[in-house]
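Number of protein chains: 4
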Amino acid sequence: MKIGFIGIGAMGAGIVRNLIKAGHDVTVWDRFREPVDELATLGASIASSLAEAAQHGVVLSMLAHDEAIQGLLLDTGWLDQVKKPLLHVNLSTISVRFARKLAELHAEAGVDYVGAPVFGRPDAAHAGTLNLVVGGAAVFVVRLQPVFEAISKKVWHVGERPYQANLVKIAGNMMIASAIEAMAEATALGTAHDIDRNTMLDVYLEALFPCGVYRGYGEFIRRRQYEPVGFKLPLGLKDVRLALEAGESARVPLPLAGVVRDSLLQAMANGYEDKDWSSLAEMSYSRAGIASDR
Amino acid sequence: MKIGFIGIGAMGAGIVRNLIKAGHDVTVWDRFREPVDELATLGASIASSLAEAAQHGVVLSMLAHDEAIQGLLLDTGWLDQVKKPLLHVNLSTISVRFARKLAELHAEAGVDYVGAPVFGRPDAAHAGTLNLVVGGAAVFVVRLQPVFEAISKKVWHVGERPYQANLVKIAGNMMIASAIEAMAEATALGTAHDIDRNTMLDVYLEALFPCGVYRGYGEFIRRRQYEPVGFKLPLGLKDVRLALEAGESARVPLPLAGVVRDSLLQAMANGYEDKDWSSLAEMSYSRAGIASDR
Amino acid sequence: MKIGFIGIGAMGAGIVRNLIKAGHDVTVWDRFREPVDELATLGASIASSLAEAAQHGVVLSMLAHDEAIQGLLLDTGWLDQVKKPLLHVNLSTISVRFARKLAELHAEAGVDYVGAPVFGRPDAAHAGTLNLVVGGAAVFVVRLQPVFEAISKKVWHVGERPYQANLVKIAGNMMIASAIEAMAEATALGTAHDIDRNTMLDVYLEALFPCGVYRGYGEFIRRRQYEPVGFKLPLGLKDVRLALEAGESARVPLPLAGVVRDSLLQAMANGYEDKDWSSLAEMSYSRAGIASDR
Amino acid sequence: MKIGFIGIGAMGAGIVRNLIKAGHDVTVWDRFREPVDELATLGASIASSLAEAAQHGVVLSMLAHDEAIQGLLLDTGWLDQVKKPLLHVNLSTISVRFARKLAELHAEAGVDYVGAPVFGRPDAAHAGTLNLVVGGAAVFVVRLQPVFEAISKKVWHVGERPYQANLVKIAGNMMIASAIEAMAEATALGTAHDIDRNTMLDVYLEALFPCGVYRGYGEFIRRRQYEPVGFKLPLGLKDVRLALEAGESARVPLPLAGVVRDSLLQAMANGYEDKDWSSLAEMSYSRAGIASDR
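Heads up: the sequence lines are chains A, B, C and D, in that order. For the first sequence, our numbering gives the first residue as 1, with consecutive numbering after it. For the second sequence, our numbering gives the first residue as 295, with consecutive numbering after it. For the third sequence, our numbering gives the first residue as 589, with consecutive numbering after it. For the fourth sequence, our numbering gives the first residue as 883, with consecutive numbering after it.
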């Protein structure tokens, strides 16, 4: 299939590789030259403009946040001037509010639209093992199947409306943050009671929570080292804030998300903004007066 | 091995069966006649007194809480009058404070003591697939190996001091409660945004948290039916309170445990005291004004 | 002094009356005809346009929120086209973020700008007993003294930058919300222990907190009747959200504000959106299972 | 009136002075010699035993906490052996659970009992300006009027049952802690936004909360100096814990108390256990990364 792709960061690069590997004909666009050149060596075409990236009927985009999309795809007039028919698949994690607005604006512009945020980090994007959460009309999901198959291990069609996928993604990240906070509080409690943190984590990660999220972030906490970064702390804070914001718009109190938000903010205020978001564990230790060498 | 066993509830009964099955010679005691009679048909001897249950050098006990142990084993003078040498293995989930006190009292009485609370419900006790968290001197753990092997799938020796096992158990239950609360908040948020709860849970339980705790309690939340009970809500509240109490004694703030405590209390105040503790999810729904038929 | 005034709601009307009473020459503008006509009978001139309201060198505005100001004063081009020199005194409670932006935009447009939100409800506006919190250059505060004296009982100059006044106001409302929540939790606790709520409040409002905020909102809680409304619940939620947002931008965790936010959201979801914000007390009662007739 | 008095700490000493000043004939007992000797110079008789202090029909006690009362008045057999008729007025701040138990034990022993905790610190005890919160039968309150008048500025009879007074006291302290936390969060927010803390407090303490609790603790926060101590931090933590415990026994969630508890625990873990409890404000500053010299 001929596909355009906008936004070649670590995630986008991995995804495009898998599209090419599956035989798709991909035209890529990015603000920067280097990442697109690299994909060109694998067979991608380079679009000289955003419009060119969208000329083949299907375009995927993977941009950092609401503001990036606003700036690139709306404020530039791209959406209104793009060649139709076009199906736009937005892989970015964005707010529910903006997702609703994007759906409206695409409808007004006569552009078909699907929200398809992913669970998985760059390594999963590269390996083609993302979980793809899709919101949009079933007809589009069927049509996109060869694309989705190339880049993910599983497609979750969670509703007819694009924003629904974004909400499932955001709420999922809120759950991950809660899992990290739970490990933090439990091990802070244990450490303060002279129990070896490694031993505790061994028990919890095998006997209670033998799943990737706990195991992955548990390793950071085990070592109390939060690099190399899996998911940067400010991004985690952003997603928890998006969950709280979505809660506010639908009148859903989220006390646990509130707790996590405060730990993440404390981390931001105390020098962890370049660390993995599991470093919020250090806030539990700091509040409990646990020395950094325990 | 000749073993005494005190306290034949649903958990104790399952454990004793596995001891017998493994060839141990078990003498059982309980306040009630029926459960011990049943075990007698499988080959257990019935002790006519607490002292008799402890005459063979090793005695296991599985009682409901601090107060039950205080009443049966301390206030009666049992501990001071028991035949020595004796090794007492306490399988109950008790407070850290009481666990420390029990260790002291056993030492004073010249009775060896091991704390060995379990992760797993009656079905796991019956199947012999408990996770056994053990605190005590290594020499006892070695000696008890044939006993532990008969009743558990894995033994976690978490420290030399008995209370450490109790803390690991309590903190683990706090983590489970947090996982339930996280599923509750996420699905309340989704439901309020017109997303199907089943679909959300499908994503989370397979893509993010494919492990027993989430899957088991997720099923209750999926159906919004909290029976048959896996772990009764007031017991869950007790364990979260024990975590907060342990936090207080070691000066460890536990905001997430505080949130869960309040949800559990709300559930107690609103008619859920006979339900599974995953019914705390209903509190998230109620606070968000989500009707009971959604 | 010749003064323009934009926005004649319940607050604005009371303030303009006091300006007229003090001998100022006021030109008023509002979307609606009725409130300005009423002030005209007291001697106010009616502006036929927003520009006309700002032609005398000083203009005060009292609008509902960020969006209203954005719509009326920015999107219309008013700020850029207004006759200069002009000093704009913004009495509205707005977000810190928007307050910063307004200060920049005024500077770019060459319009002097002061932020001056008020503590006090319409009755205080009418009585001229508002507390005025002012952020801006001292020279403006001096110049505005005759205006401020006419409408307030006290002027608090909290800093040179306009947003600082908005932050002091927002944080103050957060404190008021916390005071309400504290009365709610204390009386819920007492009621559940069969103590008369009136008696409790008598003790607290005289022995501990003999000040207007507690007394005023305590009366609502005493009667468990939340009308007539003093400050509408959604406005209270807005201000608490603005506090949390200001906390987020400066990396300040605000756990107490988070608790209040969740109670206010619960109230929104359960039918209290037209009530006084002290009705958040009912959430404490509801969570504790306290019947509505106690 | 002839009165016994047990427990001559800073509070008790002030109270006994006022009893003597009002013409009462007071027999005092304390573990330590010095404080009773001092009162003897003012005219008090010294009891050589606890029993002797209770021989005149009315005895007041002011002890530190549940454990002190348990040790002195229960475990010693005092209550069972005391000369009757006796009316015991317990001025201590104790838990609701223990207050209920004490009422039962007094009834069983045939000793009349009134709970009468106070609001006010040693200076108010000395000045006779305590607020006395009384739980007990009206007939006792009438009889004790000359005693109560001598030591307080106001008597609040909150219910027929002694524990009710203790609950009103505990919940009141929880409200005070919340007020401190609110000042802490508001000023942390302001400080992080470059607003002078003194200015903020000026506004809040005059325009919003012109009452003693805010003003007194506001002064500590203003200076960020928490000595000399008004109410020691661990005592504050104790009372908040008693509120949470009372909430748990009556199934009342208390999220705000939970937040304050965690701040107090953090303070305990980070070196503030000898400071005034308003030093919990420092936790807000620390979490927000605000330097100690701002």
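Beta carbons are placed, not taken as given, at the ideal position from N, Cα and C, and that holds for glycine.
Cβ-Cβ separation, R251 of chain A to M856 of chain C (assumed contact under 8 Å), whole Å: 5 Å
Members of the stretch 776-795 of chain C near chain D, C-beta cut-off 8 Å: A776, L777, G778, A780, H781, D782, I783, D784, T787, M788, D790, V791, Y792, E794 and A795
Separation of E328 of chain B from W1038 of chain D, as counted between CA atoms: 55 Å
Cβ neighbours of G43 of chain A in the same chain (closer than 6 Å, five flanking residues each side left out): Taken in chain order, the residues that qualify are I20.
Between the CA atoms of L63 of chain A and G7 of chain A - distance to the nearest angstrom: 6 Å
Beta-carbon proximity of A179 of chain A to A288 of chain A, cut-off 9 Å: no
One or two residues paired with D711 of chain C in a DSSP bridge: In the DSSP output, where bridge partners are listed per residue, D711 of chain C has none listed.
Nearest-angstrom Cα separation, counted from V147 of chain A out to H126 of chain A: 15 Å
Under 8 Å by beta carbon: chain D residues contacting M468 of chain B: Simply none; closest approach about 14 Å.
Whole-number beta carbon distance between G236 of chain A and L461 of chain B, since they are thought to touch under 8 Å: About 28 Å; that fails the 8 Å criterion.
Neighbouring residues, chain D, relative to D556 of chain B (Cβ below 8 Å): P1135, L1136, P1137 and G1140
Contact under 9 Å by Cβ, A393 of chain B with V376 of chain B: no
Near-chain G residues of the stretch 558-581 of chain B - C-beta to any C-beta below 9 Å: Going by chain labels, chain G is absent from the structure shown, which instead holds the protein chains A, B, C and D.
Neighbour-count burial assignment, G959 of chain D, 16 or more Cβ in a 10 Å radius: exposed
Environment of D30 of chain A [buried if 16+ CB atoms lie within 10 Å]: buried
Residue-chain proximity (R688 of chain C, chain A), Cβ-Cβ < 9 Å: no
Own chain, CB closer than 7 Å to R709 of chain C, minus 5 neighbours either side, in chain order: Only G818 and F819 meet the Cβ criterion.
Whole alpha helix (DSSP H) elements within the stretch 830-860 of chain C, 4-residue minimum: Counting whole runs of 4 or more residues, the stretch 830-860 of chain C contains the alpha helix (DSSP H) stretches 843-857.
Environment of S884 of chain C [buried if 16+ CB atoms lie within 10 Å]: No answer is possible for residue 884 of chain C: the residues shown for chain C start at 589 and end at 882.
Straight-line gap, Y1167 of chain D to A1173 of chain D (C-alpha atoms, nearest Å): 8 Å
Opposing strand residues paired with N589 of chain B [DSSP bridges]: Residue 589 of chain B is absent from the structure shown; chain B starts at 295 and stops at 588.
First through last residue of the beta strand (DSSP E) which encompasses W934 of chain C: Here chain C comprises residues numbered 589 to 882, so residue 934 of chain C is not present and cannot be evaluated.
Own chain residues within Cβ distance below 7 Å of A1074 of chain D, not counting five before or after: A1170 and I1172
Start-to-end residues for the alpha helix (DSSP H) that takes in F1113 of chain D: That residue, F1113 of chain D, is in no alpha helix (DSSP H); it is neither H nor E in DSSP.
Residue range of the beta strand (DSSP E) that includes F1030 of chain D: From DSSP, F1030 of chain D is part of no beta strand (DSSP E) but of the alpha helix (DSSP H) over Q1027 to I1033.
Where D239 of chain A falls: helix, strand or coil (DSSP): In the three-state scheme derived from DSSP, where H, G and I count as helix and E and B as strand, D239 of chain A is classed as helix.
The beta strand (DSSP E) enclosing G4 of chain A, as first and last residue numbers: K2 to I6
C-beta neighbour in chain B for G877 of chain C, strict 9 Å: yes
Below-9 Å beta-carbon distance, R222 of chain A vs any chain C residue: no
Cross-chain neighbours of A831 of chain C in chain D, by beta carbon under 9 Å: E1067, A1068 and L1071
Minimum Cβ-Cβ distance from Q952 of chain D to chain C less than 9 Å: no
Burial state of Q266 of chain A, where buried means 16 or more other Cβ atoms lie within 10 Å: buried
Closest Cα partner of A431 of chain B within the set B:N425, B:S386, B:L381 and B:M477: B:L381
Cβ-based neighbour list, G602 of chain C, same chain, cut-off 7 Å, excluding 5 preceding and 5 following: P710, A713 and H714
Contact the stretch 1077-1091 of chain D vs the stretch 1129-1143 of chain D: 3+ CB pairs below 8 Å: Too few Cβ pairs lie closer than 8 Å, so no.
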